[in-house]
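Asker:
Residue numbers (my numbering): 181 to 335.
(1) Could you pull the start and end residues of the alpha helix (DSSP H) that residue 328 belongs to?
(2) Can the beta-carbon of residue 296 be found closer than 8 Å to that of residue 315?
(3) Quick check on the burial criterion: 16 or more other C-beta atoms within 10 angstroms. Buried or exposed for residue 276?
(4) Tell me, please, which residues DSSP counts as bridged to residue 218.
(5) Please go through the same chain and pick out, in chain order, the residues whose beta-carbon is closer than 8 Å to the beta-carbon of residue 234, but skip the five residues on each side of it.
(6) Going by DSSP, what residues sit across from residue 314 in a beta bridge?
(7) Specify, as a first and last residue, the run of the alpha helix (DSSP H) that residue 188 falls within.
(8) Identify whether residue 250 lies in helix, strand or coil by the three-state DSSP scheme.
(9) Are there 16 or more other CB atoms within 10 angstroms of the CB of residue 269, so buried, or fewer, so exposed?
(10) According to DSSP, is residue 234 helix, strand or coil?
(11) When the Cα of residue 261 is compared with those of 184, 273, 208, 322, which residue comes out closest?
(12) State the start and end residues of the unbroken alpha helix (DSSP H) segment that holds residue 292.
(13) Taking residue 210 as the reference, give the member of 220, 221, 252, 222 with the closest Cα.
(14) Among the residues of its own chain, which have a CB less than 6 Å from the CB of residue 187, if the five just before and after it don't count?
Listed below in structure tokens is the structure:
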């Protein structure tokens, strides 16, 4: 079992209604066909398992990942961010927690994993800070942390 599948299984075991049904490979490829760089393999693996978190489930707020985007929401937010001329086109958002955006850092070549970076995005009135920091080494690491926090909400 891959670490990503392990994280996903742990989350589903606790909150089966939190996860949206996954997408087919063709659907994912269609969504990201115009994205200029390559997203990691784990990105495709995740969206095949789940199209984000169900935002209406209160459990998603335990860790603050109540906005783990569906792929269509991620594309919509990415296009919004791209309207800023100083936004780096290789950052693909996967979630937003309050003012922090978490994004996959895409690459010219596809890799198994890619870091999750975070940057501040307060509102659409040009109040942002594009100075990214690496938050997680991969999407898998981020979801393992989500699983841990859901299993241990008071830790």
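The beta-carbon is built from N, C-alpha and C at its ideal position, and this holds for glycine as well.
Answerer: Straight from the coordinates:
(1) Within the chain shown, residue 328 is the residue found at index 148, counting from 1. Note, residue 328: alpha helix (DSSP H), 319-331.
(2) Sequence index remark: in the chain shown, residue 296 carries index 116 (1-based). Sequence index remark: in the chain shown, residue 315 carries index 135 (1-based). Cβ atoms of residue 296 and residue 315: closer than 8 Å.
(3) Taking the chain shown and counting its residues from 1, one reaches residue 276 at position 96. By the 10 Å Cβ count, residue 276 comes out buried.
(4) For the purposes of this step, residue 218 is identified with residue 38 of the chain shown, where counting begins at 1. Beta-bridge pairing links residue 218 to 287.
(5) By 1-based counting over the chain shown, the position of residue 234 is 54. Cβ within range, chain order: 197, 198, 199, 200, 240.
(6) For the purposes of this step, residue 314 is taken as residue 134 along the chain shown, with counting starting at 1. Its beta-bridge partners are 297.
(7) Taking the first residue of the chain shown as 1, we reach residue 188 at position 8. Unbroken alpha helix (DSSP H) run through residue 188: 183-194.
(8) Position 70 of the chain shown, counted from the start, is the residue given in the question as residue 250. Reduced to three states, the DSSP call for residue 250 is coil.
(9) The count along the chain shown starts at 1 and reaches residue 269 at position 89. Exposed is the call here.
(10) In the chain shown, counting from the first residue as 1, residue 234 sits at position 54. Residue 234 falls in the coil class under three-state DSSP.
(11) Against the chain shown, residue 261 aligns to sequence position 81. Residue 273 is the option with its Cα nearest to residue 261.
(12) Counting from 1 along the chain shown, the entry for residue 292 is found at position 112. Residue 292 -> no alpha helix (DSSP H), and no H or E assigned at all.
(13) The residue you call residue 210 lines up with position 30 of the chain shown. Looking at the Cα atoms, 252 is the closest of the given residues.
(14) In the chain shown, counting from the first residue as 1, residue 187 sits at position 7. Cβ within range, chain order: 323, 324, 327.
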